[in-house]
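Written out below as structure tokens is the structure these notes cover.
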Amino acid sequence: MPSPRLQEFLARQLARTAARAASPSETGAGTSASVPAASASVEGVGTVSGPAVDGSWMLASDTEGQAIETLVPEISEERRKCWICFGEEGEGDDKESRWVKPCHCSLESHEECLLNWISENQKGIPLKKVRCPQCQAVYVLVEQRSLFMEIMSNCEVVVRSTVPYITILGFACSTLVTSTTYGAYVVLTMCGTEYGEYLLGGPNPWGWRVWVGLPMIPAGLIMSRIKSLNSFMLLFPLSIVGGPHFRLTWPPRPAATVALLPWIRMAYNGIYSLAFDRMERRWNQELSRNTNVDSNALGLAALLNDDGNVDEDALFEGMYSMVRSVIGALLLPAVASFCGSLLGRIGFVRSRVTDPFNRSVLGGCLFIVAKDLINLLYKYQRVTHRRSRRVRDVSERRGSDTTSLPESMRR
1 MPSPRLQEFL
11 ARQLARTAAR
21 AASPSETGAG
31 TSASVPAASA
41 SVEGVGTVSG
51 PAVDGSWMLA
61 SDTEGQAIET
71 LVPEISEERR
81 KCWICFGEEG
91 EGDDKESRWV
101 KPCHCSLESH
111 EECLLNWISE
121 NQKGIPLKKV
131 RCPQCQAVYV
141 LVEQRSLFME
151 IMSNCEVVVR
161 STVPYITILG
171 FACSTLVTST
181 TYGAYVVLTM
191 CGTEYGEYLL
201 GGPNPWGWRV
211 WVGLPMIPAG
221 LIMSRIKSLN
231 SFMLLFPLSI
241 VGGPHFRLTW
251 PPRPAATVAL
261 LPWIRMAYNG
271 IYSLAFDRME
281 RRWNQELSRN
291 TNVDSNALGL
301 AALLNDDGNV
311 DEDALFEGMY
321 SMVRSVIGAL
331 LLPAVASFCG
341 SLLGRIGFVR
351 SRVTDPFNRS
361 VLGGCLFIVA
371 KDLINLLYKY
381 QRVTHRRSRR
391 VRDVSERRGS
401 DTTSLPESMR
411 R
């Protein structure tokens, strides 16, 4: 016999079929004659119930009286689905939406959804051709256009394409103006106001040497901190030799002093390397010994202390070192001028170095030498401190702790 669930389903279908056959508004006048009898009992074995008028189900029985349940699904056209909002045809508010198929591929969508998607892709470029993401066919739009809109759209495209280049040009001009201003400040600071204005040309228009030389001052100061550019810095005096202010006299004129500075710097670096390079390299190895130990030797401590910020710390350290070098290079002229003013208060120095620029250069050189010696002394103190480190044993700590306690509390 059919299952109770199937019996309930068949009864419901028979009732629905009878209601449709009796309703003239749904089936028409001649529908009742074409509908087969549906009064057979669903509980009997061997009963045959023909298909309903909508063809949605059929129950048949074999000759042995065993019911064979066969449900024939309703054959209907597959619902269209919008590839933008994923809404299906006839669902909710989609019943009133217009469906479009703008290309030959299988993508269909609501017209409103597709127009919004096209507008999003054309944001900033109204004349951009939007293509189908599947077959790359160009969507054809029917819209009203005017000559004014075409002109403004083309202008907007030109502006958007030129904005990056204008930004780069503005940044370059700002850098040039800032570098030129800083170069003029360095000249006035190092040479003094009177001689600095004479070098800059006073109220007269600047020549090409001034316009090229002033922006090169901050660049040269920063490049002097890069060891790989030391050989290039030796070519810098060639831009000064032969100029109107270059004279070989004693005391040397500022142009001659500037031309000699790269060679003086190279000689100082060579002497420093011969005197302290080997010792400083050994100290650096001692100080970095704990930071370069093998990861296998760290064992559990490495796992406990590793917070995953090694790369970030290294990046921060590199950025910090670079910024520190740039700031130190740009502050060097001001520091040199200050040291030169201090040397000018000493009568012995003032009588032999009369030019303010040469006193500033001498003060800057003495500052660099003093800074290097202080760094060497600080590094030596760090190495000595590292060598003296040891771990105090617990017994030593107990002894030192109890000796400071009263006798009644030492038990």
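Straight run, no breaks: the sequence shown in the UniProt record's numbering ends on number 411. Where a beta carbon is used, it is the ideal one built from N, C-alpha and C, also for glycine.
Once DSSP output is grouped into helix, strand and coil, what is the label at R345? Position 345 of the sequence shown holds residue 345. R345 falls in the coil class under three-state DSSP.
Leaving out five residues before and five after R411 in sequence, what residues of the same chain have Cβ atoms less than 6 Å from its Cβ? On the sequence shown, residue 411 is found 411 positions in, with the first residue counted as 1. With a pLDDT of only 47 at R411, under the threshold of 50, the placement of this residue in the model should not be trusted; the figure read from the coordinates follows. The answer is none, since no qualifying residue turns up.
Could you check whether C85 and H110 sit closer than 8 Å to each other, using their CB atoms as the reference points? In the sequence shown, counting from the first residue as 1, residue 110 sits at position 110. In the sequence shown, counting from the first residue as 1, residue 85 sits at position 85. In contact: H110 and C85 (Cβ atoms closer than 8 Å).
Selection from A336, P356, D393, V391 that minimises the alpha carbon distance to G196: Locating residue 196 in the sequence shown gives position 196, where the first residue counts as 1. G196 has its Cα closest to that of P356, out of A336, P356, D393, V391.
So within the stretch 101-136, which uninterrupted alpha helix (DSSP H) runs reach at least 4 residues, ignoring any that extend past its ends? 111-121
Who are the Cβ neighbours of G328 in its own chain at under 8 Å, not counting the five residues just before and after it? By 1-based counting over the sequence shown, the position of residue 328 is 328. R225, listed in sequence order.
Three CB pairs or more closer than 8 Å across the stretch 374-385 and the stretch 267-283: yes
Paired residues, beta bridge with C82 - DSSP: Here the question's residue 82 lines up with position 82 in the sequence shown. E108, per the DSSP bridge assignment.
Rank S161, F148, I368 by C-alpha distance to the C-alpha of N269 and give the top, closest one. By 1-based counting over the sequence shown, the position of residue 269 is 269. The option with the nearest alpha carbon to N269 is I368.
Applying the criterion that 16 or more other CB atoms from any shown protein chain within 10 Å of the CB defines a buried residue, is C155 buried or exposed? Locating residue 155 in the sequence shown gives position 155, counting from the first residue. C155 should be labelled exposed.
By a C-beta neighbour count over all protein chains shown, 10 Å radius and 16 as the cutoff for buried, is A259 buried or exposed? On the sequence shown, residue 259 is found 259 positions in, with the first residue counted as 1. So A259 ends up on the buried side.
Please determine, among W208, S146, P218, E143, the residue with the shortest C-alpha to C-alpha distance to T175. The sequence position of residue 175 within the sequence shown is 175, counting from 1. Checking every option, the nearest Cα to that of T175 belongs to P218.
Cα separation between C113 and V157? Translated into the one-based positions of the sequence shown, residue 113 becomes position 113. Translated into the one-based positions of the sequence shown, residue 157 becomes position 157. Computed Cα separation, rounded: 26 Å.
So if DSSP puts V138 in a beta bridge, which residue, or which two residues, is it bridged to? The count along the sequence shown starts at 1 and reaches residue 138 at position 138. The partner list for V138 (beta bridge, DSSP) reads R131.
Nearest residue (CA-CA) to H385, options K123, L287, M223: Within the sequence shown, the letter at position 385 stands for residue 385. Cα-wise, what sits closest to H385 is L287.
If I'm right that R98 touches E89 with Cβ under 8 Å, what's the distance once you round it to whole angstroms? Here residue 98 corresponds to residue number 98 of the sequence shown, with the count starting at 1. Here residue 89 corresponds to residue number 89 of the sequence shown, with the count starting at 1. Contact flag wrong, Cβ pair sits at about 11 Å.
Assuming contact is defined by CB atoms lying nearer than 8 Å, are G318 and C339 in contact in what I supplied? In the sequence shown, residue 318 corresponds to position 318, counting from 1. In the sequence shown, residue 339 corresponds to position 339, counting from 1. Taking 8 Å as the Cβ cut-off, G318 and C339 do not qualify as a contacting pair.
Counting C-beta neighbours from all protein chains within 10 Å, is the total for R387 16 or more, i.e. buried, or is it exposed? Against the sequence shown, residue 387 aligns to sequence position 387. Classification of R387: exposed, given that the 10 Å Cβ count is below 16.
Is G344 closer than 8 Å to R324 when the C-beta atoms are compared? Residue numbering aside, residue 324 sits at position 324 when the sequence shown is read from its first letter. Residue numbering aside, residue 344 sits at position 344 when the sequence shown is read from its first letter. Result no, Cβ atoms of R324 and G344 do not sit closer than 8 Å.
With distances taken Cα to Cα, identify the nearest neighbour of P333 among K227, P251, G170, A184. Within the sequence shown, the letter at position 333 stands for residue 333. Nearest C-alpha to P333: A184.
Give the single residue among R352, P215, M322 whose Cα lies nearest to the Cα of C173. The sequence position of residue 173 within the sequence shown is 173, counting from 1. Considering only alpha carbons, the answer is P215.
Using DSSP bridges, identify the partner residues of W99. The sequence position of residue 99 within the sequence shown is 99, counting from 1. Paired residue(s): H110.
Cα-Cα separation between V187 and I374, rounded to whole angstroms: Against the sequence shown, residue 187 aligns to sequence position 187. Against the sequence shown, residue 374 aligns to sequence position 374. V187 and I374: Cα-Cα distance of roughly 29 Å.
For N116, which of Q136, L141, L362 has the nearest alpha-carbon? Position 116 of the sequence shown, counted from the first residue, corresponds to residue 116. Selected option, being the one with the closest Cα: L141.
Kindly list the residues whose CB is nearer than 6 Å to the CB of A370, restricted to its own chain and excluding five residues on each side of it in sequence; keep chain order. By 1-based counting over the sequence shown, the position of residue 370 is 370. Here the set comprises nothing.
Report whether the distance from the Cβ of Y165 to the nearest heavy atom of the ligand GDP is below 7 Å. No copy of the ligand GDP appears in this structure; indeed no ligand is present at all.
Use the C-beta contact count for T354: other C-beta atoms within 10 angstroms, 16 or more gives buried, fewer gives exposed. By one-based count along the sequence shown, residue 354 stands at place 354. Classification for T354: exposed.
Let's test the definition: count the other Cβ atoms within 10 Å of the Cβ of T180 and tell me whether it reaches 16, buried, or not, exposed. Position 180 of the sequence shown, counted from the start, is the residue given in the question as residue 180. Label assigned to T180: buried.
May I have the straight-line CA-CA distance separating S273 from M266, to the nearest angstrom? Locating residue 273 in the sequence shown gives position 273, where the first residue counts as 1. Locating residue 266 in the sequence shown gives position 266, where the first residue counts as 1. If I take the Cα positions, the gap works out to 11 Å.
E120 versus I168 - alpha carbon distance: Here residue 120 refers to the residue found at position 120 when the sequence shown is read from its first residue. Here residue 168 refers to the residue found at position 168 when the sequence shown is read from its first residue. Distance between the alpha carbons of E120 and I168 is about 28 Å.
May I have the straight-line CA-CA distance separating F232 from K123, to the nearest angstrom? The residue given as residue 232 occupies position 232 in the sequence shown. The residue given as residue 123 occupies position 123 in the sequence shown. Near 49 Å, if we compare the C-alpha coordinates of K123 and F232.
With DSSP run on the structure shown, which of helix, strand or coil describes E89? The residue you call residue 89 lines up with position 89 of the sequence shown. Residue state, collapsed to three classes: coil.
Quick one: give me the first and last residue of the alpha helix (DSSP H) that D277 is part of. By one-based count along the sequence shown, residue 277 stands at place 277. 254-287 is the span of the alpha helix (DSSP H), which, as asked, contains D277.
So, with DSSP's three-state summary, where would you put E143? Position 143 of the sequence shown holds residue 143. Reduced to three states, the DSSP call for E143 is coil.
What's the C-alpha gap between C82 and T162? On the sequence shown, residue 82 is found 82 positions in, with the first residue counted as 1. On the sequence shown, residue 162 is found 162 positions in, with the first residue counted as 1. When rounded, the distance between both Cα atoms is 38 Å.
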